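Trainee: The sequence shown begins at 1 in full-length UniProt numbering and counts up by one. Here's a structure for you.
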Amino acid sequence: MTTPVLEARDVTMRFGGLTAVRSVDFTVNSGEIVGLIGPNGAGKTTFFNCLTGLYVPTEGTVSYKGTVLPPKPHLVTQAGIARTFQNIRLFANMTVLENVLIGRHTRTKEGLWSALLRGPGFKKAEKASEERAMELLQFIGLAHKRDHLARNLPYGEQRKLEIARALASEPGLLLLDEPTAGMNPQETRATEELVFAIREQGIAVLVIEHDMRFIFNLCDRVAVLVQGEKLIEGTSDVVQADERVVAAYLGEPFEGAPGDAEAAEVEAAEAEAAEAEAEHSTKGEAQ
Ligand SMILES: Nc1ncnc2c1ncn2[C@@H]1O[C@H](COP(=O)(O)OP(=O)(O)O)[C@@H](O)[C@H]1O
Ligand SMILES: [Mg+2]
1 MTTPVLEARD VTMRFGGLTA VRSVDFTVNS GEIVGLIGPN GAGKTTFFNC
51 LTGLYVPTEG TVSYKGTVLP PKPHLVTQAG IARTFQNIRL FANMTVLENV
101 LIGRHTRTKE GLWSALLRGP GFKKAEKASE ERAMELLQFI GLAHKRDHLA
151 RNLPYGEQRK LEIARALASE PGLLLLDEPT AGMNPQETRA TEELVFAIRE
201 QGIAVLVIEH DMRFIFNLCD RVAVLVQGEK LIEGTSDVVQ ADERVVAAYL
251 GEPFEGAPGD AEAAEVEAAE AEAAEAEAEH STKGEAQ
C-alpha cells in the first residue's frame, strides 16, 4: 500500500516582487521515485529549499509522513528528509569517511561538535557509526577511498559521496538536486542504478534533473515546473507525450533530446562488450 511520505500543500515562495514558486501541491508516496523537471529558473531548487526548511515558504505547508514540518533544516533532517545540493557541498579538507560520519550526526546522540572534536562520548559511538559509514561507502562504491580528502576526488565521486553523506542521516526521503550534473554517460548510468538501489532500501526519492533520459528511465512519476507553477504531473509516458511539455521545455521530441547520441554510444559500447564477453565464455566452454 502506498502512503504519502511528503506532502506539499499550496506552497508559494516570493522573493520581493518575484514569485519563484506559485501554489504548488506535490506528493511523494512511499516506494516512489519522482522527478521534478523544468527550465532553468523554473523554481525547482527554490521548491527543494522550501521542502527542506532552508526557506520558509511565503504560503503553504510541507508534511512528512503526516506531520507538518517546522521550516528549520536540522529539524527537517531529523524528521527523515535528506538532500544533496545542486552545487556540491562537502567538507573539502576532510576525508571521505569523515564526510559520511558528519552526515550521521543527526542520528547519534553525541552531535556534530563532539563528532568533530572526537570527545569521549563520541569514541563510544564511534565504532558503530564508522561501521555504518563504511557500509554506506561500500554501497556507493567509495570504500577504497575512505581516507582520501574529499577535494581530491573526481567530480562524479564527489557527487556520490554527497549521496552517501545524505544517506548517513538514515532518511525516509532523499532529495537529489541535479545528481548527474557534470557526469559522463557511464557515471550517469551508474547513478541511475544507485537511485534504484536506494529505493530498494525503502527510501523514497525526489530528483531534479536536466537529463531527460535519466528522468524518464528512472521515475515513476514526473512533475514539470514552469515559471514556478506545476504545469503537469504524471507517469513518464504521459509527461513525455504532453504537447505543452514538449513546447515549454523539451523543445523537440524526446527521441532527439540532447544526450541521446552519447547514450546511444554507451549502449553500443556495452552491447559490444557483452558480445565479446559471450564469445569469450563460449570459447572457454569449448576448451
Ligand atoms: N534567494 C533568492 N533570492 C531571490 N531570488 C531567488 C533566490 N533563489 C532563487 N531566486 C530566483 O527564483 C527563481 C527560481 O530559481 P531556482 O529555484 O534556482 O530555479 P531552478 O532551480 O529551477 O533553475 C529564479 O528567478 C531565481 O533567480
Ligand atoms: Mg536549480
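In this text, a Cβ means the ideal position worked out from N, Cα and C, and glycines have one as well. Given the structure is predicted, the values throughout are model-derived calculations rather than measurements.
With three or more beta-carbon pairs closer than 8 Å as the criterion, would you say the region 218 to 227 touches the region 63 to 81?
Mentor: Three or more beta-carbon pairs separated by less than 8 Å are not found between the region 218 to 227 and the region 63 to 81, which leaves the two stretches without contact.
Trainee: Taking the beta carbon of T52 as the centre, do at least 16 other beta carbons fall within 10 Å, making it buried, or is it exposed?
Mentor: Counting from one through the sequence shown, the residue named residue 52 turns up at place 52. Result: buried.
Trainee: Can you tell me the Cα-Cα spacing of E277 and A268, whole angstroms?
Mentor: Residue numbering aside, residue 277 sits at position 277 when the sequence shown is read from its first letter. Residue numbering aside, residue 268 sits at position 268 when the sequence shown is read from its first letter. Computed Cα separation, rounded: 14 Å.
Trainee: Please report the straight-line C-alpha distance between A181 and R9, rounded to a whole angstrom.
Mentor: Within the sequence shown, the letter at position 181 stands for residue 181. Within the sequence shown, the letter at position 9 stands for residue 9. Going by the C-alpha atoms only, they are around 29 Å apart.
Trainee: Return the residue from the list L69, E126, R14 that minimises the CA-CA distance to A42.
Mentor: The residue given as residue 42 occupies position 42 in the sequence shown. When only C-alpha atoms are compared, the closest one is R14.
Trainee: What first and last residue would you give for the beta strand (DSSP E) that runs through G234?
Mentor: Here the question's residue 234 lines up with position 234 in the sequence shown. Per DSSP, G234 belongs to the beta strand (DSSP E) from 229 to 234.
Trainee: Can S30 and A204 be called in contact, C-beta distance under 8 Å?
Mentor: One-based indexing of the sequence shown puts residue 30 at position 30. One-based indexing of the sequence shown puts residue 204 at position 204. Contact: yes.
Trainee: Given a cut-off of 8 Å, decide if T3 and T12 are closer than it, judged by their beta-carbon atoms.
Mentor: Start at 1 with the first residue of the sequence shown, and residue 12 comes out as number 12. Start at 1 with the first residue of the sequence shown, and residue 3 comes out as number 3. No, the pair does not count as a contact, with Cβ atoms beyond the cut-off.
Trainee: Using 8 Å as the threshold, is the region 96 to 104 in touch with the region 190 to 204, meaning 3 or more CB pairs across them?
Mentor: The region 96 to 104 makes no contact with the region 190 to 204: fewer than 3 CB pairs, one atom from each, lie closer than 8 Å.
Trainee: Report the start-end ranges of each alpha helix (DSSP H) in the region 64 to 88 that is 4 residues or longer and not cut off at the edges.
Mentor: As far as the region 64 to 88 is concerned, its whole alpha helix (DSSP H) runs of at least 4 residues are 73 to 79.
Trainee: Would you identify the three-state DSSP class for S129, choosing helix, strand or coil?
Mentor: In the sequence shown, the residue the question calls residue 129 occupies position 129. Three-state result, S129: helix.
Trainee: In this structure, does DSSP put I33 in helix, strand or coil?
Mentor: For the purposes of this step, residue 33 is taken as residue 33 along the sequence shown, with counting starting at 1. I33 falls in the strand class under three-state DSSP.
Trainee: Look up G60 in the DSSP assignment and say whether it is helix, strand or coil.
Mentor: Locating residue 60 in the sequence shown gives position 60, where the first residue counts as 1. Note: G60 maps to strand in three-state DSSP.
Trainee: Hey, could you find the ends of the alpha helix (DSSP H) L101 is sitting in?
Mentor: Mapped onto the sequence shown, residue 101 falls at position 101. Run containing L101: 96 to 103, per the alpha helix (DSSP H) assignment.
Trainee: Relative to ligand 2, what is the chain-ordered list of residues with a Cβ closer than 7 Å to any of its non-hydrogen atoms?
Mentor: K44, T45, Q86, D177, E178, I208
Trainee: Under a Cβ-count criterion, where at least 16 other Cβ atoms within 10 Å of its own Cβ denotes burial, should P154 be classed as buried or exposed?
Mentor: Looking up residue 154 in the sequence shown gives position 154. By the neighbour-count rule (16 or more Cβ atoms within 10 Å), P154 is not buried but exposed.
Trainee: Do the region 142 to 152 and the region 20 to 40 touch if we need at least three Cβ pairs shorter than 8 Å?
Mentor: Counting Cβ pairs under 8 Å, fewer than three are found: no touch.
Trainee: Would you mind working out which of K44, A271, D220 sits nearest E229, comparing C-alpha positions?
Mentor: The residue labelled residue 229 in the question sits at position 229 within the sequence shown. It is K44 whose Cα lies nearest to the Cα of E229.
Trainee: Per DSSP, A204 is paired with what?
Mentor: Numbered from its first residue, the sequence shown carries residue 204 at position 204. DSSP, once it has assigned bridges, lists L173 as partnering A204.
Trainee: Comparing C-alpha positions only, which one of N152, K160, L149 sits nearest to Q138?
Mentor: Along the sequence shown, read from residue 1 onward, the residue named residue 138 stands at position 138. Answer by Cα proximity: K160.
Trainee: Can you name the start and end residues of the alpha helix (DSSP H) that F45 belongs to?
Mentor: Here residue 45 refers to the residue found at position 45 when the sequence shown is read from its first residue. The residue you asked about is not Phe; residue 45 is Thr in the sequence shown. It spans 44 to 51 - the alpha helix (DSSP H) in which T45 sits, taken as one unbroken run.
Trainee: Within this structure, are the beta carbons of C219 and I88 separated by less than 8 Å?
Mentor: Position 219 of the sequence shown, counted from the first residue, corresponds to residue 219. Position 88 of the sequence shown, counted from the first residue, corresponds to residue 88. No, the Cβ-Cβ distance between C219 and I88 is not below 8 Å.
Trainee: Quick one, which of T188, E170, E187 has its alpha-carbon nearest R199's?
Mentor: Along the sequence shown, one-based indexing puts residue 199 at 199. Of the listed residues, the one whose Cα sits closest to R199 is E170.
Trainee: To the nearest angstrom, how far is the alpha carbon of E130 from that of Q78?
Mentor: Against the sequence shown, residue 130 aligns to sequence position 130. Against the sequence shown, residue 78 aligns to sequence position 78. So the two alpha carbons sit approximately 20 Å from each other.
Trainee: Whole angstroms is fine: what's the gap from E255's alpha carbon to A273's?
Mentor: Taking the first residue of the sequence shown as position 1, residue 255 is located at position 255. Taking the first residue of the sequence shown as position 1, residue 273 is located at position 273. Note that E255 has pLDDT 45, beneath the 50 cutoff, so the model's placement of it is unreliable and no number is given.
Trainee: Would you decide whether N184 is buried or exposed? Buried here means 16 or more other CB atoms lie within 10 Å of its CB.
Mentor: To locate residue 184, count along the sequence shown from 1; it is residue 184. Exposed, since its Cβ has fewer than 16 Cβ neighbours within 10 Å.
Trainee: Bridge partners for L6 per DSSP, in chain order?
Mentor: Along the sequence shown, one-based indexing puts residue 6 at 6. DSSP output for L6 lists V28, Y64 as bridge partner(s).
Trainee: Residues in its own chain within less than 6 Å of A92 by CB, not counting five upstream and five downstream?
Mentor: Residue numbering aside, residue 92 sits at position 92 when the sequence shown is read from its first letter. A150, R151.
Trainee: Please go through the same chain and pick out, in chain order, the residues whose beta-carbon is closer than 7 Å to the beta-carbon of R22, but skip the five residues on each side of it.
Mentor: Taking the sequence shown and counting its residues from 1, the one referred to as residue 22 is at position 22. Taken in chain order, the residues that qualify are T12, G228, E229.
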